[in-house]
Amino acid sequence: MPTRRLLAFLWPVTLACSCAEAPAPGSAAADDAFQDDADGAFATTLDAIRVDARFDADGARFTDLRGDTVAVRTLAWGRDDASTRFAGPLRQDGRRLVRSGSGLTEWWASKSTGFEQGWTLDAPPAGDGPIVVTVQVD
């Protein structure tokens, strides 16, 4: 059975979700590379849409030319009635940033048209009903 993932496209602040095949780690899924900062964070700039992005332990922050900022953070995942808090170290895997923990891998890819966020489950959680990923957007 192929691995499935939930996609969310961001910027402007629009979330559209669907299931699709997960790209292979290290594939050329992104058009722009992330730069590793000395403090364990990663950053990139998308000139085409004039957005700076910074990824760290607190999630992702996107800032446009006017200085407007949107912050995005994955908080938890699981079934409707039982969710697991999500936490894990951020690292670069090829041309993606990934954070793995608690049976879930969150990843970010930088595209020329924006940023792509996805989640890959190690295995379905116990129980029935929809699988929910809780994301905070400020």
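For our numbering, count along the sequence shown from 1 and bump the result up by 5. For each residue, glycine too, the CB sits at the ideal point set by N, CA and C.
| Query | Result |
| --- | --- |
| For the candidate residues 54, 59, 88 and 133, whose alpha-carbon lies nearest to that of residue 44? | 59 |
| Whole angstroms is fine: what's the gap from residue 94's alpha carbon to residue 70's? | 29 Å |
| Would residue 106 pass as a contact of residue 92 if the rule is Cβ separation under 8 Å? | yes |
| Name the DSSP beta bridge partners of residue 136, please? | 84 |
| Considering only C-alpha positions, which residue in the set 73, 46, 77 and 129 is nearest to residue 143? | 77 |
| Between the alpha carbons of residue 61 and residue 103, how many angstroms are there, rounded? | 11 Å |
| Do you know offhand how far residue 144's Cα is from residue 100's? | Here the chain comprises residues numbered 6 to 143, so residue 144 is not present and cannot be evaluated. |
| What is the rounded straight-line gap between the Cα of residue 68 and the Cα of residue 138? | 24 Å |
| Helix, strand or coil for residue 93, going by three-state DSSP, please let me know. | coil |
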